[in-house]
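For reference, the structure discussed in these notes is given below.
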Amino acid sequence: MHMPRTWLAVLVLAMLAAAQERRVAITIDDGPAVNELKDLANVQRISNALINSLVSEKVPATIFINERQLNVDGQRDGRAAVLAQWLDAGYDLGNHTYSHPSLNKVPLSEFEDNIIKGEVVMRPLIEGHGRKLIWFRFPFLDSGTTAEVHQKILDFLAEHHYRVAPITVDYKDYIFAGAYGRKLRAGDAETAEKIKQAYLEYVDAGFESAERISRELLGYELPQILLIHCNELNSVTLRDSIARMRKRRYSFVTLEEAMKDPAYQRPDNFTGPGGSWLEHLGEAMGKPVEEDMESRIPKWIRERPRRQ
Ligand SMILES: [Zn+2]
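Basically this note's numbering = 1-based index in the sequence shown + 2.
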């Protein structure tokens, strides 16, 4: 007698679980285009492709800028115009410092100067669009090696009305992007294509890892925050990456929306080498997260890895 009712309840619960959407905020660092200090056309091409991908997919994103990239003789206006393009398309810009130093390697005062130098072009542009400069992201995710430096930089950022943007999903796109770029420049389109396919598969590996760790530490999947970079590889794969996220039942939210989750309200006291917000949480809870996304990348792609 009770069996059918039980089965119905199980079915309803399963349907509810399936219908429940995961959420992710996409953030793209080292904008407007990493390692493109010579050719303005490359910066424009990569930026246009990223913007077009996001617009076509109707997906919000926050782009973290290194203004060092704007400071190229004869191209300053052209490069600043790319930032305006992002704003015109409705996307948020954040400060990623001027020249991408690690707070774990340079003195605090030098790092603070680098933050201020990093908003000279961006702040008036953003405010001219009737918006506010809110977000800051630490280069290399390094936020200080001592509690004192860490607290001082958080105080400095708060005084300047910045919010720190953490990350939870990082599938090490820059390693694939470096290998992809080298193969393209060497005229090896066939291997470049193989790297592209391996990269797309790694999108799932990255999300799988963050979803599992999130469930282990919090008992649920918090809205994820994805870190990728403004590079050639993402300019040709972002739509496919987004399709993979949709397949995993993700819907797309702004950084602000994602960070409304109560989990993100806890103070991040982490000091040490970089790492994701989930790794910091694991440390704080005495449950260190053992996950090395880097070493799981095939060795032939991993040659000459570089942190970003
Ligand atoms: Zn960066």
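Cβ atoms here follow ideal geometry from the backbone N, Cα and C, with glycine treated the same way.
Which value, in whole angstroms, describes the spacing of the CA atoms of V171 and E23?
-> Position 169 of the sequence shown, counting from 1, holds the residue named residue 171. Position 21 of the sequence shown, counting from 1, holds the residue named residue 23. Rounded to the nearest angstrom, the gap between the Cα atoms of V171 and E23 is 17 Å.
At which residues does the beta strand (DSSP E) containing D32 begin and terminate?
-> Here the question's residue 32 lines up with position 30 in the sequence shown. DSSP places D32 inside the beta strand (DSSP E), whose first and last residues are R24 to G33.
Residue span of the beta strand (DSSP E) that contains E97, given as start and end | As a first step, residue 97 is located in the sequence shown; it is residue number 95 there, counting from the start. At residue 97 the sequence reads Asn, which differs from the Glu that was named. Taken as a continuous stretch (DSSP letters only), the beta strand (DSSP E) holding N97 covers D94 to N97.
Could you pull the start and end residues of the alpha helix (DSSP H) that H282 belongs to?
-> Taking the first residue of the sequence shown as position 1, residue 282 is located at position 280. Per DSSP, H282 is one residue of the alpha helix (DSSP H) stretching across W279 to A286.
Among the residues of its own chain, which have a CB less than 7 Å from the CB of V57, if the five just before and after it don't count?
-> Residue 57 sits at position 55 when you count from the first residue of the sequence shown. Same-chain partners within the cutoff: A91.
Roughly how many angstroms separate the alpha carbons of S49 and A35, rounded to a whole number?
-> If you number the sequence shown from 1, residue 49 lands on position 47. If you number the sequence shown from 1, residue 35 lands on position 33. When rounded, the distance between both Cα atoms is 7 Å.
Please classify M3: is it buried, with 16 or more other beta-carbons within 10 angstroms of its beta-carbon, or exposed?
-> Sequence index remark: in the sequence shown, residue 3 carries index 1 (1-based). Low per-residue confidence applies at M3: pLDDT is 47, beneath 50, and the placement is therefore not dependable, though the value from the model is reported in the following sentence. When all chains shown are included, M3 counts as exposed.
If you check the beta carbons only, do A260 and R25 fall under 8 Å apart?
-> Looking up residue 260 in the sequence shown gives position 258. Looking up residue 25 in the sequence shown gives position 23. In contact: A260 and R25 (Cβ atoms closer than 8 Å).
In three-state DSSP terms, what is I136?
-> On the sequence shown, residue 136 is found 134 positions in, with the first residue counted as 1. Taken through DSSP and simplified to helix, strand or coil, I136 comes out as coil.
Would you give the residue range spanned by the beta strand (DSSP E) that H231 belongs to?
-> As a working mapping, residue 231 is identified with position 229 in the sequence shown. Counting along the chain, the beta strand (DSSP E) containing H231 begins and ends at Q226 to H231.
Through-space distance from I28 to K60, alpha-carbon basis | The residue labelled residue 60 in the question sits at position 58 within the sequence shown. The residue labelled residue 28 in the question sits at position 26 within the sequence shown. Distance from the CA of K60 to the CA of I28, rounded to the nearest whole angstrom, comes to 12 Å.
E220 vs A181 beta-carbon contact at 8 Å | Walking along the sequence shown from the start, residue 220 turns up at place 218. Walking along the sequence shown from the start, residue 181 turns up at place 179. For the sequence presented, residue 220 should be read as Leu rather than Glu. Taking 8 Å as the cut-off, the beta carbon of L220 is found no closer than this to the beta carbon of A181.
Quick one: what does DSSP say I48 is sitting in, helix, strand or coil?
-> On the sequence shown, position 46 is the one that residue 48 refers to. Here I48 sits in helix by DSSP.
Could you check what DSSP says for F272 in three-state terms: helix, strand or coil?
-> Residue mapping note: residue 272 aligns to position 270 of the sequence shown, counting from 1. F272 carries a coil assignment under DSSP once its states are collapsed to helix, strand and coil.
Just grab the DSSP bridge partners of R241 for me.
-> Here residue 241 refers to the residue found at position 239 of the sequence shown. Listed as beta-bridge partners of R241 by DSSP are no residues whatsoever.
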